[in-house]
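Novice:
2 protein chains.
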Amino acid sequence: MVNSLLSCSVRGLLPLLLIFLGGLSVPAIAGNVILIIGDGMDDSQITIARNYLVGSRSKLLVDKLPLRSAVQVLTVDEDNPQQPLYVADSANSATSIATGAITSPGRIGTTAASDKDLINLVELVKQHSIKVGLVTTASITDATPASFYAHVNDRGCENPSAMVDFEKYAGLIVDCSQDLKANGGLGSISEQLIISGVDVALGGGMNHFTPDAEGSTLSVLALAKEAGYTVIENADQLAGNHGGKLLGLFSPSTMPVRWYGEDGRTAEKPKTSFMNLFHPMLGSVTYPEPMICEDNPDYAGMPSLASMSEVALAELTNDAQTPFFLMIESASIDKQAHERKACGSIGELQQLDEALAVALKFADTNPDTLILVTADHGHAAQILSERTIYDVLDLPIHSPGQVARITTPEGAVMTVNYATNNFVSEEHTGVNVPLLSNSVGVGKIPGMITQPEIFNIIKDYLID
Amino acid sequence: MVNSLLSCSVRGLLPLLLIFLGGLSVPAIAGNVILIIGDGMDDSQITIARNYLVGSRSKLLVDKLPLRSAVQVLTVDEDNPQQPLYVADSANSATSIATGAITSPGRIGTTAASDKDLINLVELVKQHSIKVGLVTTASITDATPASFYAHVNDRGCENPSAMVDFEKYAGLIVDCSQDLKANGGLGSISEQLIISGVDVALGGGMNHFTPDAEGSTLSVLALAKEAGYTVIENADQLAGNHGGKLLGLFSPSTMPVRWYGEDGRTAEKPKTSFMNLFHPMLGSVTYPEPMICEDNPDYAGMPSLASMSEVALAELTNDAQTPFFLMIESASIDKQAHERKACGSIGELQQLDEALAVALKFADTNPDTLILVTADHGHAAQILSERTIYDVLDLPIHSPGQVARITTPEGAVMTVNYATNNFVSEEHTGVNVPLLSNSVGVGKIPGMITQPEIFNIIKDYLID
Chain A
1188 MVNSLLSCSV RGLLPLLLIF LGGLSVPAIA GNVILIIGDG MDDSQITIAR
1238 NYLVGSRSKL LVDKLPLRSA VQVLTVDEDN PQQPLYVADS ANSATSIATG
1288 AITSPGRIGT TAASDKDLIN LVELVKQHSI KVGLVTTASI TDATPASFYA
1338 HVNDRGCENP SAMVDFEKYA GLIVDCSQDL KANGGLGSIS EQLIISGVDV
1388 ALGGGMNHFT PDAEGSTLSV LALAKEAGYT VIENADQLAG NHGGKLLGLF
1438 SPSTMPVRWY GEDGRTAEKP KTSFMNLFHP MLGSVTYPEP MICEDNPDYA
1488 GMPSLASMSE VALAELTNDA QTPFFLMIES ASIDKQAHER KACGSIGELQ
1538 QLDEALAVAL KFADTNPDTL ILVTADHGHA AQILSERTIY DVLDLPIHSP
1588 GQVARITTPE GAVMTVNYAT NNFVSEEHTG VNVPLLSNSV GVGKIPGMIT
1638 QPEIFNIIKD YLID
Chain B
1188 MVNSLLSCSV RGLLPLLLIF LGGLSVPAIA GNVILIIGDG MDDSQITIAR
1238 NYLVGSRSKL LVDKLPLRSA VQVLTVDEDN PQQPLYVADS ANSATSIATG
1288 AITSPGRIGT TAASDKDLIN LVELVKQHSI KVGLVTTASI TDATPASFYA
1338 HVNDRGCENP SAMVDFEKYA GLIVDCSQDL KANGGLGSIS EQLIISGVDV
1388 ALGGGMNHFT PDAEGSTLSV LALAKEAGYT VIENADQLAG NHGGKLLGLF
1438 SPSTMPVRWY GEDGRTAEKP KTSFMNLFHP MLGSVTYPEP MICEDNPDYA
1488 GMPSLASMSE VALAELTNDA QTPFFLMIES ASIDKQAHER KACGSIGELQ
1538 QLDEALAVAL KFADTNPDTL ILVTADHGHA AQILSERTIY DVLDLPIHSP
1588 GQVARITTPE GAVMTVNYAT NNFVSEEHTG VNVPLLSNSV GVGKIPGMIT
1638 QPEIFNIIKD YLID
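Chains A and B, in that order, are what the protein sequence lines are.
Whatever position you read off the first sequence (first residue = 1), add 1187 for the working numbering.
Whatever position you read off the second sequence (first residue = 1), add 1187 for the working numbering.
1. Measure the C-alpha to C-alpha separation of A/G1430 and A/L1500 and round it to an integer number of angstroms.
2. Can you grab the Cα-Cα spacing for the pair B/T1298 / A/Y1356, in whole Å?
3. Is it right to say A/P1457 is buried, meaning 16 or more other beta carbons lie within 10 angstroms of its own, or is it exposed?
4. Starting from A/H1466, find everything on chain B with Cβ-Cβ shorter than 8 Å and list it in chain order.
5. Taking 8 Å as the CB-CB cut-off, is A/H1585 touching chain B?
6. Going by beta-carbon coordinates alone, are B/A1281 and B/D1521 separated by less than 8 Å?
7. Just verifying my parser: in three-state terms, what is the DSSP assignment at B/C1480?
8. Skipping 5 residues on each side, what residues in its chain have a beta carbon closer than 8 Å to that of B/A1215?
9. Check the DSSP bridge columns for A/G1435 and list the partner residues they point to.
10. Any beta carbon from chain A within less than 8 Å of B/I1650's own beta carbon?
11. Under 8 Å, do A/Y1474 and A/V1444 count as touching if we go by C-beta distance?
12. Pick out whichever of A/I1570, A/I1479 and A/A1568 has its Cα sitting closest to the Cα of A/E1597.
13. Are A/I1650 and A/V1312 close, meaning C-beta to C-beta below 8 Å?
14. At a CB-CB cut-off below 7 Å, which residues of chain B make contact with A/R1294?
15. Using only the alpha-carbon positions, how far apart do B/E1614 and A/T1607 sit?
16. Compare the C-alpha of B/N1394 against each of B/G1296, B/A1599 and B/E1420 and name the closest.
17. Could you say if the region 1501-1512 of chain A and the region 1310-1330 of chain A meet the contact criterion of at least three C-beta pairs nearer than 8 Å?
18. Using a Cβ-Cβ cut-off of 6 Å (strictly less than) and excluding sequence neighbours within five positions of B/A1591, which residues of its own chain qualify?
19. Ends of the alpha helix (DSSP H) at B/Q1365?
20. Keeping to the same chain, check which residues put their C-beta closer than 6 Å to that of A/N1346; ignore five residues upstream and five downstream.
21. Between the region 1555-1562 of chain A and the region 1612-1630 of chain A, can you find at least three pairs of beta-carbon atoms closer than 8 Å?
22. Assuming B/D1647 is part of the alpha helix (DSSP H), what are its boundary residues?
23. Please compile the residues from chain B whose C-beta is within a distance smaller than 7 Å of the C-beta of A/I1570.
24. Using three-state DSSP, classify A/F1465 as helix, strand or coil.
25. Do we get a CB-CB distance below 8 Å when we pair A/D1230 with the residues of chain B?
26. Under the rule that 16 or more other beta-carbon atoms within 10 Å means buried, what is A/D1266, buried or exposed?
27. Excluding the 5 residues preceding and the 5 following B/I1533 in the sequence, name in chain order all residues of the same chain whose CB lies nearer than 7 Å to its CB.
28. Which same chain residues end up closer than 6 Å to A/K1432 when comparing Cβ atoms and leaving out the 5 residues on each side of it in sequence?
29. Tell me which residues of the region 1590-1610 of chain B have at least one Cβ-Cβ distance to chain A shorter than 7 Å, keeping chain order.
30. With a CB to CB cut of under 7 Å and the five nearest residues on each side skipped, what residues in its chain are close to B/E1640?
31. Which residues in the same chain have their Cβ closer than 6 Å to the Cβ of B/L1434, if we skip the five residues on either side of it in sequence?
32. My output table needs one value for A/L1305: the three-state DSSP class, helix, strand or coil.
33. Can you have a look at B/D1352 and say buried or exposed, based on whether 16 or more other CB atoms are within 10 angstroms of its CB?
34. Skipping 5 residues on each side, what residues in its chain have a beta carbon closer than 8 Å to that of B/L1247?
35. Residue ranges of each beta strand (DSSP E) run of no fewer than 3 residues wholly in the region 1489-1567 of chain A, ordered along the chain?
36. Compute the Euclidean distance between the alpha carbons of B/F1207 and B/G1218, then round it to the nearest angstrom.
See below:
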């Protein structure tokens, strides 16, 4: 009882006390960090989007940022963590950014082979009363956002129903038994989100919140509400100031993208004539017809990445004295490239550029805001000459992969090639990726860094 | 006679007079520019070379340069110069750098469609007594170096025998009749070199100097000597100070590259089993065996790009008061990528890095030297996951193109994919390319520029 009374008195006086103590020794109010990740957004993807969105001679907003660096993406082999792999996935690369460590593909915030939890940015900044927002066009439990708040041995374990021998797709089994709460773990990714302390989480992935939490008769969503989250589910609910913690889940899994190819077309294989059966240089080849990009009807009613970013910024700055870390992901540059959908990737990159505009506008009035834009890994798409450069030879020369011929608003045809494999889904590539920053980053970031060093830049700016 | 006497007297006094006048109004001694071009050296090529040469976590010298920018490569359609093309060749992209203009593929220093001569850097700086050196591992008459001194409607017109209906290869006919001297033109590229005023020209391409010059019984080589060039033909002759103008031609055409694949192997098609004939997902696939990079015996006795660059710098600085422009090209990053020879490209990129070391060492004692490193266009090679990322599915998934699996010195296997066409030679890509600079460029170059703006940066630094 005495304790309780004392506690009440102190609690009431605390703000005044803090102001007083602050007056004696003012702690530097650190700046904010907005990290914008284009998933799979290598220089090819940016050039493809630039050519379509503003024309080859003009610049996207991301192109105009004053500081450019490049990032070495680092990955290790799960079976031999001393050995590098030369191509990353979004789990291990986002883990690099979120923890400063290098791990193996598929891992979220855990070490390769030894499966130890790595301290992530959310855990670190929460110790310093720094607010955290995560915004994505993927599920909020997808690899990139998950790496900032969760620890699990496989990115597929996004909800309590996907923890043990779960078939993610086409026979691909994931298992995170060791991460079950029953086994001393932290549970699935969605369960970890709601105990992470993340202040604002906006994206897709309702499917990962409807299953019952492990050892509970309540869904993860119900537990999120119990934990103080306001849950919203559509663009109308997004508007306005919500106060407190906010969880927005605007689609069952990945949010639909803005654009698709004309009549829903993707890249297609060039078609060869009968004689080509006898020798690759006999007969003729017919390339796919050019197409424009069209509105994807499934996108109707979705909040844009920019509008989610705007709301996140508003929520995070309710208390202007508290700095924040906001991660914004344009996820489907990657996801659409896997599916050979150039228009989908272009529309997603447009969303990223719009979100960057929101961030830059915020930084105009909050000049201590460090804005970083980067990609997690490279991807399949390449721009090829419209027809082959050996066209004059009149031979059936063509990409061995699949091509989308896109008529751009400047009236030319841009050929996008996807040729990393013969399966239903293209592969990532191992190219170094861009890192750009607003003027706040000038002088802080050298011309090339490793991906884990992005973690240090963010941490140092927020905390040190 | 009076004139002659006066002329003699003045001539003798001229150096003293100049010193005197200089004392009255000292003209600013402009700095030097060293432009290093990696042909086809996009970020994929740099990452491939980094992984092999220094390991994925370490940095090449080029990675360590303090300023990074990116370059929009711009090309127009010969038949409709208002229309962009999204993929360049080395002729039109080097013309952008050398003249500040945008032209169509294959053109050297001339406008698309209208075939007008564009003023190039050599012509411009020669008006200001600035010395010029060109160093390349290609023929000195190849598209990249040629764009700095020549004007011709097709890059294939490298010598007097290749001007009219010349079959470059495999039925590819080039014709530069309008550039014949007899038709009021400037003649072939090699003929234009020797009247260009270039002070030092080192590379391959002797074949383009042995034919008789147009309308002459003398070879282009003989005319070069008449024009004051010391001609050297091997690495031994390269050593020492030559004085005057220097032409080094160390091989008949492109200089042999340093490395090739183990036992001369290139990238290869993955092999599928019999059952795969019936459906792409039936049967099994065998990937090419891993290989290391080996010394190419043909390279023996060749001067390195670094040693050529060193000699060029020495020759250009015989008169320390005269600033210079030196272009150094590592040409076969591109040429070896066309042939799907990853080791060849890696060795060439190593040569570029060594030449950069020479340039940086020079700049240490000549701090007004602006060093720029860039590429002219993107290329085919991509780093793929070692085996497909869908390996667990046990399906015959493979690149539809050709792959080289290279065992790196750090003990891992790096898979390089070439899949832009099904012909004997791969294609360029349309990705934006890197531009890097030493500290002299910091503050002078924004985060992204167009390729023609490189011309302005060089011109402004040398002249303005």
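Every residue gets a Cβ at the ideal spot worked out from N, C-alpha and C, and that includes glycine.
Specialist: Quick look at the numbers:
1. Cα to Cα, A/G1430 sits roughly 12 Å from A/L1500.
2. A direct Cα-to-Cα measurement between B/T1298 and A/Y1356 gives close to 54 Å.
3. Flag for A/P1457 reads buried.
4. In chain order: nothing, as chain B lies at least about 11 Å away.
5. Closer than 8 Å to some Cβ of chain B, the Cβ of A/H1585 qualifies, so yes.
6. No, the pair does not count as a contact, with Cβ atoms beyond the cut-off.
7. Correct three-state label for B/C1480: strand.
8. In this prediction, B/A1215 scores a pLDDT of 41, lower than 50, which makes its location untrustworthy; the coordinate-derived value is nonetheless stated afterwards. The answer is none, since no qualifying residue turns up.
9. According to DSSP, which records beta bridges pairwise, A/G1435 is partnered with A/L1389 and A/I1419.
10. It does not: the Cβ of B/I1650 has no partner Cβ on chain A nearer than 8 Å.
11. No, the pair does not count as a contact, with Cβ atoms beyond the cut-off.
12. Taking only the C-alpha atoms, the option nearest A/E1597 is A/I1479.
13. Their beta carbons are under 8 Å apart, which means A/I1650 touches A/V1312 by this criterion.
14. Residues of chain B passing the Cβ test: none, with the nearest at roughly 14 Å.
15. Going by C-alpha positions, B/E1614 is about 15 Å away from A/T1607.
16. Relative to B/N1394, the option among B/G1296, B/A1599 and B/E1420 whose CA is nearest is B/E1420.
17. With three or more CB-CB distances shorter than 8 Å, the region 1501-1512 of chain A counts as touching the region 1310-1330 of chain A.
18. Counting only residues of its own chain and dropping the five nearest sequence neighbours on each side, B/A1591 has a CB closer than 6 Å to the CB of A1454, A1529 and V1603.
19. In this chain, B/Q1365 is not harboured by any alpha helix (DSSP H), its DSSP state being neither H nor E.
20. Cβ neighbours of A/N1346 within its own chain (closer than 6 Å, five residues either side excluded): S1375, S1377, H1395 and P1398.
21. They touch, by the three-pair rule.
22. The continuous alpha helix (DSSP H) containing B/D1647 extends over residues Q1638 to L1649.
23. Residues of chain B with a Cβ closer than 7 Å to the Cβ of A/I1570 are, in chain order, Y1273, V1274, T1616, G1617 and V1618.
24. In the three-state reduction of the DSSP assignment, A/F1465 falls in the coil class, being assigned neither a helical nor a strand state.
25. Interface residue, yes.
26. That one is exposed.
27. Counting only Cβ-Cβ distances below 7 Å, and skipping sequence neighbours, we find I1235, A1236, Y1239, L1240, W1446 and C1480.
28. If we look at A/K1432 and ignore the five residues flanking it on each side, its Cβ neighbours are D1386, G1415 and Y1416.
29. Within the region 1590-1610 of chain B, the residues whose Cβ lies closer than 7 Å to some Cβ of chain A are E1597, G1598, A1599, M1601, N1604, A1606, T1607, N1608, N1609 and F1610, listed in chain order.
30. Within the same chain, B/E1640 has no close Cβ partners at all.
31. Exclusion of the five residues before and after B/L1434 leaves A1388, A1411, Y1416 and V1418 as the residues of its chain whose Cβ lies within less than 6 Å of its Cβ.
32. The three-state secondary structure of A/L1305, taken from DSSP, is coil.
33. Flag for B/D1352 reads exposed.
34. Cβ neighbours of B/L1247 beyond the five flanking positions: I1233, A1236, R1237, L1240, V1241, L1536 and D1540.
35. Taken in chain order, the complete beta strand (DSSP E) segments of 3 residues or longer contained in the region 1489-1567 of chain A are 1511-1517 and 1556-1562.
36. Confidence at B/F1207 is low in this model, with a pLDDT of 38, below 50, so its placement is unreliable and the value that follows should be read with caution. If I take the Cα positions, the gap works out to 22 Å.
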